[in-house]
Amino acid sequence: MNYYAWIIVPLCSSILATSAQTPAPDPGYRQLQEKNIIVNRNFYLFTLLEHLPEVNRLVLKDTSFVRWNNIYRDKLQSAHRPTDIQLDDATIARFNTCFARMLQQHPREMGTLLQHMRRSGFFQLYATAPDSTLLTKSWQDAAHGVNYILNAYTTNKGFRYPKIDSASFYVESPAYKQALTKLMTSVARSTSTNSLFFQSPLAVAVGLLVLNKHDECARYMPLEETNKDAYTKVKKADWNKYAYSALLIPGAGPGDKASISDAGKNRCRIGAEMYHSGKAPFIIVSGGHVHPFGTPYAEAVEMKKYMVSELKVPADAIIVEPHARHTTTNIRNAVRIAWKSGIPLEKRMLCVSDALQLYYVASPVFGKRCEEELNYQPATDMQQADLNFLSFIPDLKSLQANSLDPLDP
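Residue numbering for the sequence shown is -20 to -1, 1 to 389, as defined by mature numbering (1 follows the signal peptide of the UniProt record, and there is no 0).
1. Determine the burial state of A132: buried for a count of at least 16 other Cβ atoms within 10 Å of its Cβ, exposed for fewer.
2. Drop a sphere of 10 angstroms on the beta-carbon of V345, count the other beta-carbons inside from all chains shown, and report buried for 16 or more, exposed for fewer.
3. If you run the structure through DSSP and keep just helix, strand and coil, what is L370?
4. Taking CB distances under 9 Å as the criterion, tell me whether V35 reaches chain D.
5. Could you name the residues of the same chain whose beta carbon sits closer than 6 Å to that of E89, not counting the 5 residues immediately before and after it, in chain order?
6. Quick one: is Q179 buried, meaning 16 or more other Cβ sit within 10 Å of its Cβ, or exposed?
7. The alpha helix (DSSP H) that contains E331, what's its start and end?
8. Counting C-beta neighbours from all protein chains within 10 Å, is the total for D121 16 or more, i.e. buried, or is it exposed?
9. Pull the bridge partners of residue 391 from the DSSP assignment, please.
10. Output the boundary residues of the beta strand (DSSP E) element that contains V265.
11. Under DSSP, the alpha helix (DSSP H) around P33 begins and ends at which residues?
12. Give the range of the beta strand (DSSP E) segment to which V151 is assigned.
13. What are the boundary residues of the alpha helix (DSSP H) that includes E196?
14. Where does the unbroken beta strand (DSSP E) through P230 begin, and where does it stop?
15. Can you give me the Cβ contacts of L67 inside the same chain, cut-off strictly under 7 Å, excluding the 5 residues immediately before and after it?
16. Suppose you measure from the CA of N382 to the CA of L105; what does that come to, to the nearest Å?
17. Just to check my reading of the structure: A335 and M362 have Cβ atoms closer than 8 Å, yes? What is that Cβ distance to the nearest angstrom?
18. Which partner residues does I299 have in the DSSP bridge list?
19. When we look at the beta-carbon of R312 and count the other beta-carbons within 10 Å, is it buried (16 or more) or exposed?
20. Report yes or no: do the region 220 to 239 and the region 324 to 338 share at least 3 C-beta pairs separated by less than 8 Å?
21. Find out if the Cβ-Cβ distance for the pair R316, G267 is shorter than 9 Å.
22. Roughly how many angstroms separate the alpha carbons of L370 and G231, rounded to a whole number?
23. Output yes or no for whether 9 Å exceeds the beta carbon distance between I298 and I263.
24. So, V167 versus L56, is the Cβ gap smaller than 9 Å?
25. Can you tell me whether DSSP reads A59 as helix, strand or coil?
26. Can you tell me whether DSSP reads A359 as helix, strand or coil?
27. For R47, which three-state DSSP category applies?
28. For F23, name the three-state secondary structure that DSSP assigns.
29. First and last residue of the alpha helix (DSSP H) that includes R81?
30. Span of the alpha helix (DSSP H) holding D218?
31. Within the same chain, show all residues whose beta-carbon is closer than 6 Å to that of L130, passing over the 5 residues directly before and after it, in chain order.
32. Could you pull out every residue in the same chain whose Cβ sits closer than 7 Å to the Cβ of L191, ignoring the five residues on either side in sequence?
33. If I follow the unbroken alpha helix (DSSP H) through E204, where does it start and stop?
34. Is it buried or exposed for residue 414, if we count other Cβ within 10 angstroms and need 16 for buried?
35. Taking all protein chains shown into account, decide if Y255 is buried (16 or more other Cβ within 10 angstroms of its Cβ) or exposed.
36. Could you check the C-alpha separation between D195 and T309 for me, to the nearest Å?
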């Protein structure tokens, strides 16, 4: 049974070091439980632990897992608020040790897990690290991501960007507290003796996102379908004819209830002019449901409509990236699209925008923000040749999932 269906339709020491045949991230990789989008995009390690048969059998009988499964089942029964079932520091430390031990004791089963992790791209920041580092860092990221959601959407505190990410309701209201109680009760009823300790905190975390109408990361997925015509065209492109692989146009959310802002239209006009002059075969419009809070409009979707209807850009030349909520993730997500669609990563991409935004992107402040929020730079060798144009080389570290930004991980 799909555990989340109620929420959304000195032995083999070499195993501790990265193998010489470490698999590269695979654009054709098929995710397990691919319809479970919110969990997969934020917490794919948990999907693998649950749904890789040989790995799941292993963890169900592991003594540390068995003990913690019982501890968290009891925690859930006595919990009053979602924050009561956070994955505490002792749990995180315990499973750092546990996963390292399992790598030594069960190299075949854990090797299967590591293969999936590296091929998926979700753990790209650690892909070349020793196996033990890849696994423990990924576990820590997942645990901290669950805790972030449990705390933020229970207390409405701790958000990086409260103006656009916060709870959709007054969290101290009796109605909201009652909704949390119902959520906790529902998860408790779905928890069995075979449930893994992280499943109940994870289920509550996903439930909190859905309760607050923050399913943004699942909208428009899979992007292969949303951008089907453009992705088909990518396969036929003669890249040698163009100076750039694609033109990236970041969105600019309106401050009112309009579907597209004047700033967004201006960026589209600049990009359309570059496209019609033959600088690149594709345009990536980037921006999600961001401004104002709760907007029904995704910046990228509205930009594409405008460019097709008003600027006469062919629809199959425009790729929609409808999730980015910040300039950092405009670039990061464009790199992901290039990788997945087959756009060559060795070819420069051109970011097209207004002078103020590109001045920011070219500044040390932007690089610092990338390090603080992403822990890496999503692009290298940035070059600004004009006020409205900045080119860069995509960096595959951009595939790394970020569970501390659950609306666009």
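The beta carbon of each residue, even a glycine, is placed where N, CA and C say it ideally should be.
Reading off the structure:
1. The sequence position of residue 132 within the sequence shown is 152, counting from 1. Counting of Cβ neighbours within 10 angstroms places A132 among the buried residues, the total reaching 16 or more.
2. Counting from one through the sequence shown, the residue named residue 345 turns up at place 365. Answer is exposed; the Cβ neighbour count stays below 16.
3. Translated into the one-based positions of the sequence shown, residue 370 becomes position 390. Note: L370 maps to strand in three-state DSSP.
4. Protein chains in the displayed structure number just one, and chain D is not present.
5. Working through the sequence shown from its first residue, we reach residue 89 at position 109. Hits under 6 Å: E34, V35, L38.
6. The count along the sequence shown starts at 1 and reaches residue 179 at position 199. Q179 is buried by the Cβ-count criterion.
7. Start at 1 with the first residue of the sequence shown, and residue 331 comes out as number 351. In the sequence as presented, Glu is not what sits at residue 331; that position holds Cys. Unbroken run through C331 is the beta strand (DSSP E), 329 to 332; no alpha helix (DSSP H).
8. For the purposes of this step, residue 121 is taken as residue 141 along the sequence shown, with counting starting at 1. That one is buried.
9. The displayed coordinates of the chain run from -20 to 389. Any statement about residue 391 would go beyond what the structure contains.
10. One-based indexing of the sequence shown puts residue 265 at position 285. For V265, the enclosing beta strand (DSSP E) begins and ends at 263 to 266.
11. Here residue 33 is taken as the residue at index 53 of the sequence shown, counted from 1. Looking at the DSSP string, the run of the alpha helix (DSSP H) that includes P33 is 33 to 41.
12. Walking along the sequence shown from the start, residue 151 turns up at place 171. Going by DSSP, V151 is part of no beta strand (DSSP E) at all; its letter is neither H nor E.
13. Locating residue 196 in the sequence shown gives position 216, counting from the first residue. Here E196 belongs to no alpha helix (DSSP H), and DSSP marks it neither H nor E.
14. Reading the sequence shown from its first residue, position 250 is the one you call residue 230. Counted as a single uninterrupted DSSP element, the beta strand (DSSP E) harbouring P230 occupies residues 227 to 230.
15. Within the sequence shown, residue 67 is the residue found at index 87, counting from 1. Only A123, V126, N127, F178, P181 meet the Cβ criterion.
16. By 1-based counting over the sequence shown, the position of residue 382 is 402. By 1-based counting over the sequence shown, the position of residue 105 is 125. Cα-Cα distance, rounded: 10 Å.
17. Position 355 of the sequence shown holds residue 335. Position 382 of the sequence shown holds residue 362. Rounded, the Cβ-Cβ distance is 15 Å, inconsistent with contact.
18. Here residue 299 is taken as the residue at index 319 of the sequence shown, counted from 1. DSSP, once it has assigned bridges, lists I264 as partnering I299.
19. Stepping through the sequence shown from its first residue, residue 312 is reached at position 332. Burial call: buried.
20. The region 220 to 239 is in contact with the region 324 to 338.
21. By one-based count along the sequence shown, residue 316 stands at place 336. By one-based count along the sequence shown, residue 267 stands at place 287. Cβ atoms of R316 and G267: not closer than 9 Å.
22. Along the sequence shown, one-based indexing puts residue 370 at 390. Along the sequence shown, one-based indexing puts residue 231 at 251. If you draw a straight line from the Cα of L370 to the Cα of G231, it is about 16 Å long.
23. Position 318 of the sequence shown, counted from the first residue, corresponds to residue 298. Position 283 of the sequence shown, counted from the first residue, corresponds to residue 263. Taking 9 Å as the cut-off, the Cβ atoms of I298 and I263 count as close.
24. Along the sequence shown, read from residue 1 onward, the residue named residue 167 stands at position 187. Along the sequence shown, read from residue 1 onward, the residue named residue 56 stands at position 76. Closer than 9 Å, so yes.
25. Here residue 59 is taken as the residue at index 79 of the sequence shown, counted from 1. For A59, the three-state secondary structure derived from DSSP is coil.
26. Counted from its first residue, the sequence shown places residue 359 at position 379. Strand, per DSSP.
27. Numbered from its first residue, the sequence shown carries residue 47 at position 67. Looking at R47 - three-state DSSP - the assignment turns out to be helix.
28. Reading the sequence shown from its first residue, position 43 is the one you call residue 23. Helix at F23.
29. Locating residue 81 in the sequence shown gives position 101, where the first residue counts as 1. Residue range 69 to 85 is occupied by the alpha helix (DSSP H) that includes R81.
30. Reading the sequence shown from its first residue, position 238 is the one you call residue 218. Boundaries cannot be given for D218, as no alpha helix (DSSP H) includes it and DSSP labels it neither H nor E.
31. Counting from one through the sequence shown, the residue named residue 130 turns up at place 150. The beta carbon of L130 lies closer than 6 Å to those of P62, T63, Q66, A185 in the same chain, with the five residues before and after it left out.
32. The sequence position of residue 191 within the sequence shown is 211, counting from 1. Short of 7 Å from the beta carbon of L191, and not among the five residues preceding or following it, lie these beta carbons of its own chain, in chain order: A159, L163.
33. By 1-based counting over the sequence shown, the position of residue 204 is 224. Element bounds for E204: 203 to 206.
34. Only positions -20 to 389 of the chain appear in the structure, and residue 414 is not among them; the question remains open.
35. Your numbering for residue 255 matches position 275 in the sequence shown. Buried.
36. Here residue 195 is taken as the residue at index 215 of the sequence shown, counted from 1. Here residue 309 is taken as the residue at index 329 of the sequence shown, counted from 1. Using only the alpha carbons, I get a separation of about 17 Å.
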